[in-house]
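S.K.: First residue of the sequence shown? That's 17 in the numbering used here, and the numbers climb one at a time after it. Glycine included, C-beta positions come from ideal geometry on N, C-alpha and C. Just so we're clear, the structure is a prediction, and the values are computed from it rather than from any experiment.
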Amino acid sequence: MTAFATPELADLDTAGVSDAELVARATALIPLIREHAADATKNRKVSPEVIDAIASAGLFHVMVPKRWGGQGATFKTACDVVAEIARGDGSTGWVTALTLLATAYGATNTTQAQDDVFGANPGARICGIFSPGDKSEKVEGGYLVSGKWPYASGSFAAQWASLTITLEGGAPGMALIPAEAFTIEPTWFVAGMQGTGSDTIVVKDHFVPEYRVQPVADMFSSKFRSPFTEEHVASMPFNAVAAGILVAPQIGLGRHALELTREKLPKKPVAYTAYGQAKDSPTHQLGVARAATKLRLAELLLDAMAADIDGAAEKHELPNPEILARIRNDTGVVAELVKEEIDYLLTANGAGSFADVNVLGRVWRDSETAARHALVTPEIGREAYGRQLLGNYDPTIGL
Numbered sequence: 017m018t019a020f021a022t023p024e025l026a027d028l029d030t031a032g033v034s035d036a037e038l039v040a041r042a043t044a045l046i047p048l049i050r051e052h053a054a055d056a057t058k059n060r061k062v063s064p065e066v067i068d069a070i071a072s073a074g075l076f077h078v079m080v081p082k083r084w085g086g087q088g089a090t091f092k093t094a095c096d097v098v099a100e101i102a103r104g105d106g107s108t109g110w111v112t113a114l115t116l117l118a119t120a121y122g123a124t125n126t127t128q129a130q131d132d133v134f135g136a137n138p139g140a141r142i143c144g145i146f147s148p149g150d151k152s153e154k155v156e157g158g159y160l161v162s163g164k165w166p167y168a169s170g171s172f173a174a175q176w177a178s179l180t181i182t183l184e185g186g187a188p189g190m191a192l193i194p195a196e197a198f199t200i201e202p203t204w205f206v207a208g209m210q211g212t213g214s215d216t217i218v219v220k221d222h223f224v225p226e227y228r229v230q231p232v233a234d235m236f237s238s239k240f241r242s243p244f245t246e247e248h249v250a251s252m253p254f255n256a257v258a259a260g261i262l263v264a265p266q267i268g269l270g271r272h273a274l275e276l277t278r279e280k281l282p283k284k285p286v287a288y289t290a291y292g293q294a295k296d297s298p299t300h301q302l303g304v305a306r307a308a309t310k311l312r313l314a315e316l317l318l319d320a321m322a323a324d325i326d327g328a329a330e331k332h333e334l335p336n337p338e339i340l341a342r343i344r345n346d347t348g349v350v351a352e353l354v355k356e357e358i359d360y361l362l363t364a365n366g367a368g369s370f371a372d373v374n375v376l377g378r379v380w381r382d383s384e385t386a387a388r389h390a391l392v393t394p395e396i397g398r399e400a401y402g403r404q405l406l407g408n409y410d411p412t413i414g415l
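(1) Which residue spans inside the stretch 348-398 form an unbroken alpha helix (DSSP H) run of at least 4?
(2) Going by DSSP in three states, P411 sits in which element: helix, strand or coil?
(3) If you pair each beta-carbon of the stretch 385-402 with each one of the stretch 336-355, do three or more pairs fall below 8 Å?
(4) In whole angstroms, what separates the C-alpha of G86 from that of H77?
(5) Starting from the C-beta of F370, find all residues in its chain whose C-beta is less than 7 Å away, skip the five residues before and the five after it, and write them out in chain order.
(6) In the DSSP assignment, find the beta strand (DSSP E) that holds M79 and state where it starts and stops.
(7) Using only the alpha-carbon positions, how far apart do L75 and N59 sit?
(8) Can you name, in chain order, every residue of its own chain whose Cβ lies under 6 Å from the Cβ of N345, other than the five neighbours on each side?
(9) Would you tell me roughly how many angstroms separate the C-alpha atoms of L405 and L340, rounded to the nearest one?
(10) Could you tell me which of V33, T112, K220 sits nearest to I49, measuring between CA atoms?
(11) Shortest alpha-carbon distance to L157 belongs to which of F223, A367, N408?
(12) Tell me the residue span of the alpha helix (DSSP H) that contains F421.
(13) How big is the Cα-Cα spacing for G109 and P265?
(14) What are the start and end residues of the beta strand (DSSP E) that includes F236?
(15) Could you give the distance in angstroms between the alpha-carbon of S63 and the alpha-carbon of G327?
(16) Assign L45 to one of two classes, buried (16 or more other C-beta atoms within 10 Å of its C-beta) or exposed (fewer than that).
(17) Does the distance from the C-beta atom of T180 to that of S214 stay below 9 Å?
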């Protein structure tokens, strides 16, 4: 496993830092992230230099409560941070999103579990896999866990993993397991998001004490085991936040695609026409305008989702089922809008965009791959939202 620096507590103490400063820190890292983006693709994981820089800026811990040295920031701030990092590189933004999410919710478990994770190492990072892959057995005091969990994004840089296991009675739960208890099997060979290191975690006969396990159903309804119920992260339903944070990288990818286009396209000749510069071509003007509008709509939609989640959390209330269904729906719409935006820009830039060395081509591959995450699937979200709108409250789809 690659060695990563462990940030000192002073580096992670962001309690006095404004939300705007956290986003500015993410923006400041973009040159470094882009410098290492090709290496991340080649090596199938984000470079240690980039992971360490993000950690030193405190950005993996923006939603971790202040008592553990985090910012205790809003979901909106977390999305803004992730979007900026993804503007540097999609894989890096994805790893940040998943790590930020799992690490924050590690601080919603029991006091003893939190102390296990953050007590000795306030800079600890958690990766999360939210689908079962286990053969768990209930034993005295906890669970004996074995299994394989694929799609473990960021596992290469995590000190802990939050893995979905099957609890006694068959319901799913999230179990905190230290890195020394699992191995990583290389299985992530894909067309897009190549640098996320989303390999397979393998666990064999590891005992997980009951105090490190949270029922998933309780996490969905903000009934966390932490006694610190007033904290912002403990007032946000896990599934809604997970779905939303997974499309924050799309915003960054969309911004990067538009940025690349505005830098390179204006002076490019339009082949087989008399236009010496694309900026003079109405076809290109219209295409880029359509793309920018799609991106703007996606940004506004994610901001609205964040307002729903943060607004309810500030009141320590759970959003009603219709709002939760709308959030699930809107995550898919955000992904669709950015995909459509990038498609317009690819057409405007031409076939050269699909070259392996073309950054816009990598942005496209990353967006298309990330948009296929099961929690973001547009039609599932539409089904969930449509049911609520029509009074069908069948709980087939988790909200």
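M.R.: In this structure, then:
(1) 375-386
(2) coil
(3) yes
(4) Approximately 5 Å, taken between the alpha carbons.
(5) For F370, where only same-chain residues beyond five positions count, the Cβ hits under 7 Å are G377.
(6) No beta strand (DSSP E) holds M79; DSSP gives it neither H nor E.
(7) 23 Å
(8) By the criterion of a C-beta distance shorter than 6 Å, N345 is surrounded in its chain by G397, R398, Y401, once the five residues flanking it on both sides are discounted.
(9) 12 Å
(10) T112
(11) Checking the sequence, you will find Gly at residue 157 rather than Leu. The option with the nearest alpha carbon to G157 is F223.
(12) With the chain covering 17 to 415 only, the question about residue 421 has no answer from this structure.
(13) 6 Å
(14) Taken as a continuous stretch (DSSP letters only), F236 belongs to no beta strand (DSSP E), being part of the alpha helix (DSSP H) at 232-236.
(15) S63 and G327 have their C-alpha atoms spaced approximately 36 Å apart.
(16) buried
(17) No, they are not a contact pair.
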